[in-house]
Amino acid sequence: RAPTGRAGLFQRCDGGVFCELGQGCVDFPAVLRWLKGNGYAGYTLVEQDVLPGMGSPKESARRNREYLRSIETNYITVVAEGAA
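By the count of the working numbering, the sequence shown reaches residue 86 at its end, each step adding exactly one.
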């Protein structure tokens, strides 16, 4: 859900817009089911902005990978190069 009104980048950062996977309001299992149900079989990409308090980019990538693995079922396969 996008914040209403006009807000600058820093206000949006404080509002949880750039949170890690599973920490916001997006239902990722539902999104992945929809993609598969509509015939999509390609790759998806996770882009993560790392903000103060989130640790290093590598730590954030690991948490995102762990979240994806936690919801992994027959509709996704987690491939994480360089984030081991």
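Note that CB positions come from ideal geometry on N, CA and C, so glycine has one too.
Just so it is clear, the structure is predicted and the values come from calculations on it, not from any experiment.
Beta carbon of G39 nearer than 8 Å to that of Y69: no
Count the other CB atoms within 10 Å of the CB of A74; is the residue buried (16 or more) or exposed (fewer)? With the sequence shown as reference, residue 74 is identified as Glu, and Ala is not the correct amino acid for it. The residue in question, E74, is exposed, as its Cβ has fewer than 16 Cβ neighbours within 10 Å.
Closest by CA to Q50, which one among G44, D29, E61, A43? E61
For P31, which residues of its own chain have a beta-carbon under 7 Å away from its beta-carbon, when the five flanking residues on both sides are left out? I73
Cβ shell of S58 (< 8 Å), same chain only, five flanking positions each side left out: V52
When DSSP labels each residue in this structure, what does K47 get in the three-state scheme? Going by the sequence as given, residue 47 is Leu instead of Lys. Note: L47 maps to coil in three-state DSSP.
Go ahead and label A63 buried or exposed: buried means 16 or more other beta carbons lie within 10 angstroms of its beta carbon, across all protein chains shown. buried
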